[in-house]
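Enquirer: If you read the sequence shown in the working numbering, its first letter stands for residue 1, the second for the next number, and so on. Glycine included, C-beta positions come from ideal geometry on N, C-alpha and C.
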Amino acid sequence: MRRVIAFFSIELLAIVFAILQWGIGVRTDEAKYLLSIPYPHPPFLRGVMGLTDGMANQELFWRLVSATLLLQSAWLIWWVAKKIRPDRAVACMILWPLCAAVLSQAGTVMIAVFNAVEGLVFLAAALLIVQKSNIDHVQCFLLGLLWLFSLGSGYQAALYLPAVIVALHKSGARWKEIALYAFGPLALLALYSFANPFALARVVGTAGKDTALTLVDRLTVFGGLITFSGSGIVSILGVIGLLRLRNFAVLGSFICAAGYILLSNSPYYAVLLCPMLVLGAAWLPLPKFWHWILVPLTAVVAFFLIHVPQRSPLVTAMTNLSRTDQPVLLVGPFGHEAQYMGTVIRWSNTLKPEIADSAQSLVCTVECSGYATNFHMEEKTSAKGVVVYERSR
Numbered sequence: 001m002r003r004v005i006a007f008f009s010i011e012l013l014a015i016v017f018a019i020l021q022w023g024i025g026v027r028t029d030e031a032k033y034l035l036s037i038p039y040p041h042p043p044f045l046r047g048v049m050g051l052t053d054g055m056a057n058q059e060l061f062w063r064l065v066s067a068t069l070l071l072q073s074a075w076l077i078w079w080v081a082k083k084i085r086p087d088r089a090v091a092c093m094i095l096w097p098l099c100a101a102v103l104s105q106a107g108t109v110m111i112a113v114f115n116a117v118e119g120l121v122f123l124a125a126a127l128l129i130v131q132k133s134n135i136d137h138v139q140c141f142l143l144g145l146l147w148l149f150s151l152g153s154g155y156q157a158a159l160y161l162p163a164v165i166v167a168l169h170k171s172g173a174r175w176k177e178i179a180l181y182a183f184g185p186l187a188l189l190a191l192y193s194f195a196n197p198f199a200l201a202r203v204v205g206t207a208g209k210d211t212a213l214t215l216v217d218r219l220t221v222f223g224g225l226i227t228f229s230g231s232g233i234v235s236i237l238g239v240i241g242l243l244r245l246r247n248f249a250v251l252g253s254f255i256c257a258a259g260y261i262l263l264s265n266s267p268y269y270a271v272l273l274c275p276m277l278v279l280g281a282a283w284l285p286l287p288k289f290w291h292w293i294l295v296p297l298t299a300v301v302a303f304f305l306i307h308v309p310q311r312s313p314l315v316t317a318m319t320n321l322s323r324t325d326q327p328v329l330l331v332g333p334f335g336h337e338a339q340y341m342g343t344v345i346r347w348s349n350t351l352k353p354e355i356a357d358s359a360q361s362l363v364c365t366v367e368c369s370g371y372a373t374n375f376h377m378e379e380k381t382s383a384k385g386v387v388v389y390e391r392s393r
């Protein structure tokens, strides 16, 4: 009965965070995945999202899926911790949703969230599978299939390769089977990348976007991200536990993820470190009562680390349009969130007059009062550099 109550309590938390993120509005990266725009990630997951494009409240649906998968993954932590330290399994399970990176990403439609969950699955498999003397073909095939789907959904899944190798090895796979199931999907990902050079350029560009930063600057930013990832407390305990454990699957995945984040410095990648940090903290040989002291301390630190993101002025403007079913003429730079929220016509000097005339609203992220006069539109609202004009009825 207690597990049922825990399940529904976590699900209630997932619903709350999904609705909170929904209220903030769609961000440009989320819009790319919901619309299945073909960059930068491979097509599997964003293709599934794109198939739901005609669904009412598609955004809310995927926010619920994201929050549920991320927060309910606490059960995997409990399962692994129960094998390692049965007396602190519940405490470690509670630490998972108290990680600031987990809370901040719960309910976001980001590929990194799904990669983190997939990574936790591979780590759990690497730690829980009992070593077999003979190969378990079904188990290896399922691991390889999940690995293929993970890589086909997001490049960052490759950071968990050490966990996949260990899980396959413990399933009885020899090196030729490991080459097939672990490195075969990586080869397919490489073929996809070279066949889609723009996607590869985006990933490489993201990883190296801060080339001007010095090593000290990178380490400072990385220190902030790893602190945010585990709400400080779990971050410290997790790193100590990983160094004491020296498990190839967990420590190897942590080194891969840390190296990538050191290059990319993107805040939303902090969630990729959470599986290894929480498992590292579970391994640390502390007295039982210490974990129950750490739970409220982690909650307090998480409260101060998390901040509610501001709603995009462009999203606010698009939401407040009185005629959302009509084309919108956009002047100035804008992100994919505008495309997601309606039929958008980008202004250019070569735009045909009849196409421009079909727009009933004008949204400007730069000064464009002259355009509004030409199209006989009146200013309706303005906020933080975004001005909305609409035709008089």
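#1: May I have the straight-line CA-CA distance separating H336 from E118, to the nearest angstrom?
#2: Excluding the five sequence neighbours on either side, which residues of its own chain have a C-beta within less than 7 Å of the C-beta of A74, listed in chain order?
#3: Unbroken beta strand (DSSP E) runs of length 3 or more, entirely within the stretch 91-116: which are they?
#4: Tell me the residue span of the beta strand (DSSP E) that contains Y389.
#5: For the putative contact between L69 and F114, defined by C-beta atoms under 8 Å, what is the C-beta separation to the nearest angstrom?
#6: Do three or more CB pairs link the stretch 270-288 to the stretch 252-259 at distances below 8 Å?
#7: Could you tell me which whole alpha helix (DSSP H) segments of length 4 or greater appear in the stretch 42-89?
#8: Can at least three beta-carbon pairs, one atom from the stretch 156-164 and one from the stretch 179-194, be found at a separation below 8 Å?
#9: Inspect the beta-carbon positions of L13 and I306 and report whether they are closer than 8 Å.
#10: Rounded to the nearest angstrom, what separates T365 and L321 at their Cα positions?
#11: Considering only C-alpha positions, which residue in the set L186, Y268, M55 and W22 is nearest to F222?
#12: Buried or exposed for G280, going by 16 or more other Cβ atoms inside 10 Å?
#13: Straight-line CA distance for A112 to Q156?
#14: Whose CA, out of P38, Q105 and F44, lies closest to the CA of V394?
#15: Could you give the distance in angstroms between the alpha-carbon of Q310 and the alpha-carbon of N134?
#16: Using the C-alpha atoms, what's the distance from L145 back to Y160?
#17: Considering only their Cβ atoms, is the gap separating S229 from C368 smaller than 8 Å?
#18: Could you tell me the alpha carbon to alpha carbon distance between Q21 and T316, rounded to whole angstroms?
#19: According to DSSP, is A130 helix, strand or coil?
#20: Measuring only the C-alpha atoms, how far is L245 from P197?
#21: On a Cα-Cα basis, can you pick out the residue from I77, L225 and V300 that is closest to L263?
#22: With burial defined as no fewer than 16 other Cβ atoms inside 10 Å of the residue's Cβ, what is the status of R46: buried or exposed?
#23: Less than 8 Å between the C-beta atoms of L314 and V386, yes or no?
#24: Does DSSP put L286 in a helix, a strand or coil?
#25: Between which residues of its own chain and V130 is the CB-CB distance below 8 Å, once the five residues before and five after are set aside?
#26: In the DSSP assignment, the beta strand (DSSP E) including C364 goes from what residue to what residue?
#27: Give the DSSP-derived three-state secondary structure of V250 in the structure shown.
#28: Using three-state DSSP, classify V328 as helix, strand or coil.
#29: Can you have a look at G25 and say buried or exposed, based on whether 16 or more other CB atoms are within 10 angstroms of its CB?
#30: What do you get for F17, buried or exposed, if any count of 16 or more other CB atoms within 10 angstroms of its CB means buried?
#31: Measuring alpha carbon to alpha carbon, tell me which of W78, V308, V216 and M110 ends up nearest F7.
#32: Would you mind working out which of V90, L35, H41 and N57 sits nearest R2, comparing C-alpha positions?
#33: Does the Cβ-Cβ distance between L64 and I15 come in under 8 Å?
#34: With 16 other CB atoms within 10 Å as the buried threshold, where does H137 fall?
#35: Looking at the unbroken alpha helix (DSSP H) that takes in G23, where does it start and where does it end?
Expert: So, from the data block:
#1: Taking the sequence shown and counting its residues from 1, the one referred to as residue 336 is at position 336. Taking the sequence shown and counting its residues from 1, the one referred to as residue 118 is at position 118. If you take the alpha carbons of H336 and E118, they lie about 26 Å apart.
#2: Your numbering for residue 74 matches position 74 in the sequence shown. Once the five neighbours on either side are set aside, the close Cβ partners of A74 are I10, M93, W96 and P97.
#3: With a minimum length of 3 residues, no continuous beta strand (DSSP E) run stays inside the stretch 91-116.
#4: Against the sequence shown, residue 389 aligns to sequence position 389. Unbroken beta strand (DSSP E) run through Y389: V386 to R391.
#5: Within the sequence shown, residue 69 is the residue found at index 69, counting from 1. Within the sequence shown, residue 114 is the residue found at index 114, counting from 1. So it is a contact: roughly 7 Å between Cβ atoms.
#6: As far as the Cβ criterion goes, the stretch 270-288 touches the stretch 252-259, which means the pair count is three or higher.
#7: As far as the stretch 42-89 is concerned, its whole alpha helix (DSSP H) runs of at least 4 residues are 43-51, 58-72 and 74-84.
#8: Verdict: yes, contact present.
#9: Residue 13 sits at position 13 when you count from the first residue of the sequence shown. Residue 306 sits at position 306 when you count from the first residue of the sequence shown. Not in contact: L13 and I306 (Cβ atoms no closer than 8 Å).
#10: Taking the first residue of the sequence shown as 1, we reach residue 365 at position 365. Taking the first residue of the sequence shown as 1, we reach residue 321 at position 321. T365 and L321: Cα-Cα distance of roughly 15 Å.
#11: Translated into positions along the sequence shown, residue 222 becomes position 222. When each option's Cα is compared against that of F222, the closest is Y268.
#12: Translated into the one-based positions of the sequence shown, residue 280 becomes position 280. By the Cβ neighbour-count rule, G280 is buried, with 16 or more other Cβ atoms within 10 Å of its own.
#13: The residue labelled residue 112 in the question sits at position 112 within the sequence shown. The residue labelled residue 156 in the question sits at position 156 within the sequence shown. Between A112 and Q156, the C-alpha separation is close to 7 Å.
#14: Because the chain here runs from 1 to 393, residue 394 falls outside it and cannot be looked at.
#15: By one-based count along the sequence shown, residue 310 stands at place 310. By one-based count along the sequence shown, residue 134 stands at place 134. Cα to Cα, Q310 sits roughly 54 Å from N134.
#16: By one-based count along the sequence shown, residue 160 stands at place 160. By one-based count along the sequence shown, residue 145 stands at place 145. Cα-Cα distance, rounded: 15 Å.
#17: Taking the sequence shown and counting its residues from 1, one reaches residue 368 at position 368. Taking the sequence shown and counting its residues from 1, one reaches residue 229 at position 229. Not a contact, by the Cβ cut-off of 8 Å.
#18: Walking along the sequence shown from the start, residue 21 turns up at place 21. Walking along the sequence shown from the start, residue 316 turns up at place 316. Their Cα atoms are separated by approximately 14 Å.
#19: Translated into positions along the sequence shown, residue 130 becomes position 130. Reading the sequence as shown, one finds Val at residue 130 and not Ala. The answer is coil: DSSP assigns V130 none of H, G, I, E or B.
#20: As a first step, residue 245 is located in the sequence shown; it is residue number 245 there, counting from the start. As a first step, residue 197 is located in the sequence shown; it is residue number 197 there, counting from the start. Their Cα atoms are separated by approximately 40 Å.
#21: The sequence position of residue 263 within the sequence shown is 263, counting from 1. Considering only alpha carbons, the answer is L225.
#22: Mapped onto the sequence shown, residue 46 falls at position 46. By the beta-carbon neighbour count (other beta carbons within 10 angstroms, threshold 16), R46 is buried.
#23: If you number the sequence shown from 1, residue 314 lands on position 314. If you number the sequence shown from 1, residue 386 lands on position 386. For L314 and V386, yes; Cβs fall inside 8 Å.
#24: Position 286 of the sequence shown, counting from 1, holds the residue named residue 286. If DSSP states are grouped into helix, strand and coil, L286 belongs with coil.
#25: To locate residue 130, count along the sequence shown from 1; it is residue 130. K170.
#26: As a working mapping, residue 364 is identified with position 364 in the sequence shown. Looking at the DSSP string, the run of the beta strand (DSSP E) that includes C364 is S361 to C364.
#27: For the purposes of this step, residue 250 is taken as the residue at position 250 of the sequence shown. If DSSP states are grouped into helix, strand and coil, V250 belongs with the helices.
#28: Taking the first residue of the sequence shown as position 1, residue 328 is located at position 328. Correct three-state label for V328: strand.
#29: Looking up residue 25 in the sequence shown gives position 25. G25 should be labelled buried.
#30: Against the sequence shown, residue 17 aligns to sequence position 17. So F17 ends up on the buried side.
#31: For the purposes of this step, residue 7 is taken as the residue at position 7 of the sequence shown. Closest option to F7, Cα to Cα, is W78.
#32: On the sequence shown, position 2 is the one that residue 2 refers to. Of the candidates V90, L35, H41 and N57, the one whose C-alpha sits nearest the C-alpha of R2 is V90.
#33: The count along the sequence shown starts at 1 and reaches residue 64 at position 64. The count along the sequence shown starts at 1 and reaches residue 15 at position 15. Yes; because the gap between Cβ atoms is below 8 Å, this pair is in contact.
#34: Position 137 of the sequence shown, counting from 1, holds the residue named residue 137. Exposed.
#35: Numbered from 1 along the sequence shown, position 23 holds the residue referred to as residue 23. R2 to I24 is the extent of the alpha helix (DSSP H) around G23.
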